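Its first residue numbered 176, the sequence shown is counted upward by one per residue in the numbering used here.
Even for Gly, the Cβ is constructed at its ideal location relative to N, Cα and C.
Please read all numbers here as calculations on a predicted model, not as lab measurements.
Working notes, structure below.
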Amino acid sequence: MTRRRAVVFGLLAIGALVLAPAATAAPPPGDDPYRVEGLDTSAERSDVARSGVDVLGGGRGHLEIRASDAEAAELRARGLELLPLPELPALPNPRAGRFPPGYTGYHTYGELTAELDTLAAAHPGLVEVSSYGTSFEGRELPLVKISDNVAADEDEPEVLFTCNQHAREHLTAEMCLHTVQRLAADPQRLADRELWVMPMTNPDGAEYDIASGAFALWRK
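Here it is in structure tokens:
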């Protein structure tokens, strides 16, 4: 491994450990959903988004947000109207630690790592799975190398993919997994390059987001 790549991986591992503690904490009390009315321009909507609230969605003239008591008070002090929104109902038949119904094709951390190990066993000359550290909660952080000569550090162009840095962005982990699967099935694409994949850089946050069996929409 070149010194430059070692430095890059080291910095990424440090970043993952710094971000991970935030994912283990429960949402602060008072983080409630609101609909903010009277936002007639994109500048006004951007101003609200920059205030630190969690933007859930929006449309013409309004935003739907989740805000702490202090954030809500600050927005009201600006003269904005905040209408409380009901909490989203739990999806039917939630399964703790699993994706909700309708999302069962997505991979939990355990399912993802098992699938990566299966791919490495099926393609030992192309796929290599290792770890670049552990998360705050002690989960191994998987690192996948894909190359036509995976055991060697060849002088070839290299690309690094990182996914699932934010807890609720589960689709990105699936994209990284699909990338590994597709390249392992088409080794001709690997003839003159090396690819590195970090498919789930925030496993603590990703697992926290589905801990109840319904999405918490946790972003850290």
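As assigned by DSSP and simplified to three states, the class of residue i
{"i": "residue 345", "result": "helix"}
{"i": "residue 221", "result": "helix"}
{"i": "residue 241", "result": "strand"}
{"i": "residue 388", "result": "coil"}
{"i": "residue 255", "result": "coil"}
{"i": "residue 355", "result": "helix"}
{"i": "residue 202", "result": "Unreliable placement is indicated for residue 202, whose pLDDT of 45 sits below 50; no coordinate value is reported for it."}
{"i": "residue 331", "result": "coil"}
{"i": "residue 212", "result": "strand"}
{"i": "residue 383", "result": "helix"}
Alpha-carbon spacing of residue i relative to residue j, whole angstroms
{"i": "residue 240", "j": "residue 384", "result": "18 Å"}
{"i": "residue 282", "j": "residue 319", "result": "16 Å"}
{"i": "residue 366", "j": "residue 355", "result": "15 Å"}
{"i": "residue 312", "j": "residue 377", "result": "10 Å"}
{"i": "residue 209", "j": "residue 217", "result": "18 Å"}
{"i": "residue 372", "j": "residue 248", "result": "43 Å"}
{"i": "residue 326", "j": "residue 295", "result": "12 Å"}
Proximal residues to residue i (C-beta, below 6 Å), its chain only, five neighbours per side dropped
{"i": "residue 362", "result": "301 and 323"}
{"i": "residue 224", "result": "230"}
{"i": "residue 370", "result": "321 and 334"}
Contact set for residue i: own chain, Cβ-Cβ below 8 Å, skip 5 residues either direction
{"i": "residue 297", "result": "359"}
Other residues of its chain near residue i: CB distance less than 7 Å, five sequence neighbours each side excluded
{"i": "residue 227", "result": "246"}
{"i": "residue 398", "result": "Summary: the structure shown does not reach residue 398, with the chain confined to residues 176 through 395, and so no result is reported for it."}
{"i": "residue 287", "result": "348, 352, 374 and 375"}
{"i": "residue 309", "result": "315 and 316"}
Margin query: Using a Cβ distance threshold of 8 Å, determine whether the region 297 to 307 contacts the region 335 to 343, with at least three qualifying pairs required.
Written below: no
Quiz item: Is it a yes or a no for the region 212 to 219 touching the region 249 to 262, going by three-plus beta-carbon pairs under 8 Å?
Solution: yes
- Message: Count Cβ pairs between the region 215 to 235 and the region 344 to 351 that sit closer than 8 Å; are there 3 or more?
- Response: no
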